[in-house]
Every structure is written in C-alpha cells, then in structure tokens.
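Numbering (the numbering used here), first residue to last: 890 to 1478. Backbone N, C-alpha and C fix where the C-beta goes; we use that ideal spot for every residue, glycine too. One structure is given here, and the rest of the page talks about it.
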Amino acid sequence: MVGWVLLWTIAGMWGERPQLKASDVVFMYAPRDPALYDAYAGTVVGWAGRARSKSSQDAQWFRQRVEEAQKKGLRYCGSVDFVVDFAGFIDFRPDRFMEAVCRDLDGNPITVPWLWDHRYKGHPAYWFCTNNPDYRAYLRDQVERACLAPIDGLHIDDWRGTAACSAWFGGCFCRHCMEGFRNWLKHRFSEEQLKAMGIERVDEFDLQAFLKPKGVTAEQWRKERPKLPFGELFQQFQTEQMLQVVREVFEYAESLRGKPLLRSVNSSASSPEALVVAPLIDFFCGEMDHHASTAQVPAEPAFVFRLVEGLGKRQAATAAGHDWAWIAANEKPGLVRTWIAQAYAFGSAFMVPHRQWCYTPEKGTHWWEGKTEDFAFVSRFVRENANLFDGYRTLANLSLVYTHGNFGEIRSAAMELLKANIPFSILVAEPSLGVKVTLKDISVCEFLLTGKQPLPTEFERMVKSAKVSVVQWQGIEKLPESASRQVKVSGEKVRVSLRYKPDDPKAPVVCHLLNQDYNLQSDEVRPKEVTISVNRLLLVKAFKDMPRRAILRTPTTPPREIPIRLDGDWLTFTVPELNFWALVEIAVR
Ligand SMILES: [Zn+2]
C-alpha cells in the first residue's frame, strides 16, 4: 500500500479522464457468443471479470475475452468484487480466512444475506471485512488478475464493502475496525471533545467494550445504530475508509495498466450515500429499482439520470434482481424496452439485457436471457443516431439545486416536474462532490429551485451576481408561470425530454417522446397521436436561428420529415402514431 501514494501522484498527471458516451451501448457481462456484440452494435463491456488465477492458462482465457471484444471496437472493463467473491478469499487465505470475517457486536460472524443459497467448501458466504489487511491483499490480487489483459476500464461491485455491512447489517466489530475507529477518532477530535463524548483515554478506547456494558445488544446496533452512542460517527469512519480503499484499487489498476481506466461502481446514483463515490468514478454502472411488478414505467430512474447529468456523469443502468425475476416469471420484454428508451432519452444508458441476474428471497439466484430480436433493434437505433445523443444536455430554463441536505425536497420536486413534463436540469452545489459550478452555469438558468436547507456560501455568492430568480420549492402550483409553461403535451402518459448541444448552436434540438401507456396483457404500449408545443423562450437557449424543419426518428420506422407550425411563442408538431419511443430532430437548416 505504501507505494500507492506515489502512484496516485502519477495518476494525477494523466489529465483527461475517459468517459461513457451518451450513445454507448453497454454490455453488462461479456456474452458467451461474441456475435452478440455485432448484433447489438455494442461499444462497452461494463462489468466483465478478471482471470480466475494468475496461471498462464487462466490469463490467456481472460485475455481472449478482452481482445475479442476490443477487435469488434468495444472498450472492455474488468471487474473486482468487494463482497461476492467470498470463495476466492477462502482459497487465498485457507489457514486464516475466518480472521477476516465481519463480526457483529457479540463477535458473531456476519454472512451476506442475498447469498444465503451459496456455499463453498462447507462455508456460507461470509461478509469479509475490507478493513482487514489480508482481505485488502485479496482485493489487490483481484486487480492484478484483471490487469493481466489490456483492459480499458475497471468496475467495482459492492464498492461499499464494510461500510454497507455497517450501515445495514450490524458490523463490523473486528479487531481492525476497532483499531481503525480509535485512530480515526484520535485524529479527528481534540482531547476535550473526546472527553465530552465519554472517552477518557482514547488510546484504550474500544467501541465494542464501550457499548456492551451499557446493555446495547447486537440486534439493537443493527436496527437502531444511528440513535446509539457513536452510531453515526462509526458509519462516517466506515464510509471514509471505503472511499480510501476504492481510490486505492482504481489507482493501483491504473498504475499496472499505465493509463487512466474507465472507472465505475455497481450503484444507482439515487441517494446521498451512493453519490459520495462520484468524485472517484467516471460513471455509475448498476442496478436501479424499476418496480417491474407495478407494470408501469417508473419515474425515479429519470430523476437519477438528471442527477448524474448534474455531476457531469452518466448512469449505465440495469434493473434490480427482483425486477428481472418478475420479467422472467412473466416474460415481458416490452416493459423492458420502455426502460431502455427512458434511460437513453434522459442522457444515460440501459445495459443490454442479454443475461440478467434474477433474485427473490424464495428462489434465490436465477437467470433470465433476453432475446436478441426483442432488444437489438433499440441499441442499433441509438448507435445509428449517435450524433443526436453525444454532446447533448437537458434543455431547460429551470434548475434544481442539489445539496445532500436538500436531497428529499429536490427528489420530490424532480418527481413532480417529471410527471408534469416541466423541463428542468440539476445543478450540483454540494461541495464534497467536487463539481465546479461556474457563474455561467448559473446564468444560463432563469430560475433556480432550492430546498429549505441553506446553500454553500460560495454558491450563494455566485447566485447573487447572476441574473436568476431563486424560488424555494413549495409544490408545483407555486411555481411562476414562466417556469412551468414551457412544453405542452397532448395525451396521457407521455414523457418528454428535450436535449440540446450547448457547444453547437447549429446542432438540432432533440425532443425525445416516450409513450409510457404500457398494457400488461399485450406487453406493448398503446400507440397514440401526440401533439407537442415547445415555447420559443426555451428554444432560443439552443438556437440563434428559427427552426426550419423536424425529422421524426423511431427504432422501427425510417426517418421522415413532419410538419412544424410556428404560432406566436409556440413551435408545434404532431407525431401521428407514437410507439414506445420517438425522437424528433428540430433543425435550423
Ligand atoms: Zn472489520
């Protein structure tokens, strides 16, 4: 680990980081048949393993997987597992792996709840502690095996490691966590502060020994930790440790490969806890709840796609294990297509659903294989129109201002605005997330929508010097009319996403139309005629000239021009038979 500090310095000199593009077609795992890469027009393999061992045979096998993808023009991301590869660690330290198991307050070993149906050599799936030096050595070993081939990126599964065990499952009270917490407290607080917390001699402090005589039980700690002494501080310590491990793993891999790698973690960017890793990664790559069993298209992912755009990143999404279990049980690929369309329409990506992990508490792990003919035409549509995706951003004159403290309000505002088709973007003003918001970013908005918690001083200062109206969110009915009347849509259950290319005033504006009127019986949306009107005030943000024509593009029909009408402040067009997804290219030439 000592050398990693130096390696980090070297990494800082590499400059521009690689990115996931809006038109990237991402395979989650490498397919068994590489012909699928061509069928789907794939460009990235997001989460695709490593050599099983360092033997030349295993290294050769992995190198072949990487090179067969690269030959077809894909970027290949190897992966490292912080939690699920428990079997590998049992073999890595056969004599003392039990010393690295996460422990609850009573010292009992903790197992991974969603791997209850997995066993290896007679052992359950232990949750191994990412603060244990032996286990960290195993994470480095995984990185080394991933780097035996010329990978382009690295993915971390279960990046929260012991921080997640601490947040939800009552861990970890192992020797290394106790020692680590003691040192963390010592460096963070003065002697007086520690005394006020009830710590007389910090060098002898042990959280487990402190809690037990107070009658705190392991179950209480698991369920009520935030309310118990040191509960929040312990979680903060665990999160900071995790971020350090994540940083070290990426930097170690980049030093081995000698170049910046496309970095991702398995996560949906859907909570303040999930966002803390943002400064260390290039994109989020993972599961998001899609509420499949409701047979409705969920709005929550669209909020997350807007939020990651505010971070200057993207989400490569897939649905959660229980969503895929529902799709598998009911065979509804048509619902999955609405998820894919929504992700791309909002500037993120939905991973190729060729082989999906399904999970229910009753059935445990099982798999669903999506058929190429159900999905490949959607990916190909994205690739064929890449120029209408890459470099594009949300077109809006209203921005929600994100800070961790305002998460709840910003989320509910976003959900209401999405439902009402009021265009908005998200500005991330949370200093810890490392986004550099400039005066220009603020000045391009007419309205900023904030929550009740105060904004960072620097951000407030910029807001004062920008010509922008600041409105505190109090529900949609309290919004000024000029903020809410930007887009008119005829027809129910149609979601609109307007996107433009800020760097090119001659590039078309793209209006994505998502028909979300899903019929469970037929597994299709009900096609409908939809008329859209967009306010001129919004379009002038994108164009200098007047729009001249509109081209309708869909995954199933050839492109064709449709009439536009300029009427006062409104530009209007009609899509006669909107299926699950159309994009209308509004052009000035
Ligand atoms: Zn531990």
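- The three-state reading of DSSP puts LYS1377 in strand, counting E and B together.
- Going by C-alpha positions, LEU1316 is about 21 Å away from ARG1374.
- For THR1128, the enclosing alpha helix (DSSP H) begins and ends at 1120-1146.
- Secondary structure of ILE1229 (DSSP, three-state): helix.
- If you look at CYS1247, you'll find it in the beta strand (DSSP E) that goes 1245-1249.
- Contact annotation: PHE1058 and LEU1096 have beta-carbon atoms that are not nearer than 8 Å.
- Each of CYS1018, ASN1020, CYS1061, CYS1063, CYS1066 has a C-beta closer than 5 Å to some heavy atom of ligand 1; these make up the full list, in chain order.
- Listed in chain order, the non-local C-beta contacts of ALA1372 below 6 Å within the same chain comprise LEU1287, PHE1336, local neighbours out to five positions each way being set aside.
- Looking at SER1358, PHE1469, VAL969, VAL1398, the one whose alpha-carbon comes closest to that of ILE1331 is SER1358.
- For CYS1334, the closest C-alpha among the options TYR1141, LYS1367, VAL1290, ASP1456 is that of VAL1290.
- With respect to the 8 Å criterion, PRO1312 and LEU1200 are not classified as neighbours on the basis of their beta carbons.
- The C-alpha of ARG939 lies about 26 Å from the C-alpha of HIS1211.
- Rounded to whole angstroms, the separation of the alpha carbons of GLU1189 and PHE1173 is 16 Å.
- DSSP places HIS1044 in the uninterrupted beta strand (DSSP E) bounded by 1042-1046.
- For ALA1209, there is no enclosing alpha helix (DSSP H), as DSSP gives it neither H nor E.
- For SER1358, the pairing in a beta bridge is given by DSSP as PHE1336.
- Look at THR932 here: in three-state DSSP terms it is coil, with no helix or strand label.
- Collapsing the DSSP output to three states places ILE1331 in a helix.
- Taking a cut-off of 8 Å on C-beta distances, the region 1431-1446 touches the region 1468-1477, as three or more cross pairs fall below it.
- For ILE1475, the secondary structure class from DSSP, reduced to helix, strand or coil, is strand.
- Under the DSSP assignment, LYS1417 falls in the beta strand (DSSP E) whose first and last residues are 1417-1424.
- The Cβ atoms of ARG1442 and PRO1448 sit closer than 8 Å to each other.
- For ILE979, the enclosing alpha helix (DSSP H) starts and ends at 975-981.
- When the beta-carbon positions are compared, LYS1395 and ASP1406 stay at least 8 Å from each other.
- Taking C-beta atoms as the reference points, ARG1272 and ALA930 count as a pair closer than 8 Å.
- Here VAL1414 is not near LEU1402, since their CB atoms are 8 Å or more apart.
- ASN1020 sits away from GLY977, with the two beta carbons spaced by 8 Å or more.
- Here ASN1219 is exposed, its C-beta having fewer than 16 other C-beta atoms within 10 Å.
- In the structure shown, ILE1170 adopts coil according to DSSP, grouped into three states.
- Closest by C-alpha distance to HIS1293, out of ARG1269, THR1283, SER1321, is SER1321.
- Restricting attention to beta strand (DSSP E) runs no shorter than 3 residues, the region 950-1007 encloses them at 964-970, ordered along the chain.
- By the CB criterion at 8 Å, PHE971 and ASP1047 fall inside the cutoff.
- Across the structure, ASP1456 and VAL1423 are spaced so that their CA atoms are roughly 10 Å apart.
- The beta carbon of ASP1279 is closer than 7 Å to those of LYS910, ALA911, SER912 in its chain, skipping five residues each way along the sequence.
- Under the 8 Å Cβ criterion, the region 1036-1043 counts as touching the region 936-951, having at least three qualifying pairs.
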